[in-house]
Amino acid sequence: KNEVEQSPQNLTAQEGEFITINCSYSVGISALHWLQQHPGGGIVSLFMLSSGKKKHGRLIATINIQEKHSSLHITASHPRDSAVYICAVGGGATNKLIFGTGTLLAVQP
Amino acid sequence: DGGITQSPKYLFRKEGQNVTLSCEQNLNHDAMYWYRQDPGQGLRLIYYSQIVNDFQKGDIAEGYSVSREKKESFPLTVTSAQKNPTAFYLCASNPGGALNEKLFFGSGTQLSVL
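Chains A and B are the protein sequences, given in the same order. Oh and the first sequence: position 74 is 547 in this note's numbering, straight run, nothing missing. Oh and the second sequence: position 10 is 179 in this note's numbering, straight run, nothing missing.
Structural data, given as structure tokens:
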């Protein structure tokens, strides 16, 4: 079993829909990162959180440390949100970041 | 604008050849990282450096080498010993190397074998 599991692996939505991407992890962590990778490959950091909730524009990230689970929400989705969203956790025995395999999101107009 | 520059965007390697991927940052970050991305897998750490003239192996360092002679530069050499080099390579940095610091990424290099 992977230490970081994302769901769903693929997601297709219609423009305007509310989107949720989930991340579950099995190790103790000091921080969780949500990243966005656009076609072409560059990666942008969206959020880094260790507790609670953060919001930036239409994006909201939450984390439940006790349940070892985080969610990334996108409100009023738009085709430009189409990308791969990657969860990464920092901590555990190796003191390195462990990356999930990503969720491929396609928002159709 | 501050950021990380990777070059080239695409690189082709012949059998037995060593190739070097460039990574330069002007963010004044101490820590730099090299990751490998394969389809269907999470990013995997190749090497990292938290200070000039020092670097450590990551999870998949075999067949790769790095140097950190300047704070701004962290080139990765894919040697002929790396038998499956085809992948997307990403360079990243953060201010001090802590896991709870925001990561900054370059735009990546796609390496393919001829």
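Every residue, glycine too, gets a C-beta built ideally from N, C-alpha and C. Since the structure is predicted, the reported quantities are computational estimates derived from the model, not experimental observations.
For the putative contact between residue i and residue j, defined by C-beta atoms under 8 Å, what is the C-beta separation to the nearest angstrom?
i: A:Ser-555; j: A:Ala-534; result: Actually they are not in contact, since the Cβ atoms of A:Ser-555 and A:Ala-534 sit about 19 Å apart, beyond 8 Å.
i: A:Gln-509; j: A:Leu-519; result: 5 Å
i: B:Ile-229; j: B:Ile-220; result: About 22 Å separates the two Cβ atoms, so there is no contact after all.
Could you spell out where the beta strand (DSSP E) holding residue i opens and where it closes?
i: A:Thr-485; result: 483–487
i: B:Ala-256; result: 256–263
i: A:His-542; result: 542–547
i: A:Thr-535; result: 532–537
i: B:Gln-251; result: No beta strand (DSSP E) contains B:Gln-251, which DSSP labels as neither H nor E.
i: B:Ala-230; result: Run containing B:Ala-230: none; DSSP gives neither H nor E here.
Mind checking who residue i pairs with in its DSSP beta bridge?
i: A:His-506; result: A:Met-521 and A:Ala-561
i: B:Thr-278; result: B:Tyr-258
List the residues of chain B that residue i touches, going by C-beta distances under 7 Å, in chain order.
i: A:Leu-585; result: Nothing can be reported for residue 585 of chain A: it is not among the residues displayed for chain A, which extend from 474 to 582.
i: A:Ser-544; result: Within 7 Å Cβ-Cβ: nothing; A:Ser-544 doesn't reach chain B, min ~18 Å.
i: A:Thr-574; result: Gly-209, Gln-210 and Gly-211
Residues of chain B with CB under 9 Å from residue i, in chain order?
i: A:Val-477; result: Gly-211
Residue i touches chain A at which residues, Cβ-Cβ below 7 Å?
i: B:Leu-277; result: Residue identity check: residue 277 of chain B is Gly in the sequence provided, not Leu. Within 7 Å Cβ-Cβ: Gly-514 and Gly-515.
Around the Cβ of residue i, are there at least 16 other Cβ atoms within 10 angstroms (buried) or fewer (exposed)?
i: B:Lys-239; result: exposed
i: A:Arg-553; result: exposed
i: A:Lys-569; result: buried
i: A:Ile-571; result: buried
i: B:Thr-278; result: buried
i: B:Phe-224; result: buried
Mind listing the chain A neighbours of residue i? Cutoff is C-beta to C-beta under 8 Å, in chain order.
i: B:Arg-273; result: The residue asked about is misnamed: residue 273 of chain B is Phe in this sequence, not Arg. Correct list: Ser-518.
For residue i, return the contacting residues in chain A, with the cut-off set at a CB-CB distance below 9 Å.
i: B:Phe-181; result: Simply none; closest approach about 17 Å.
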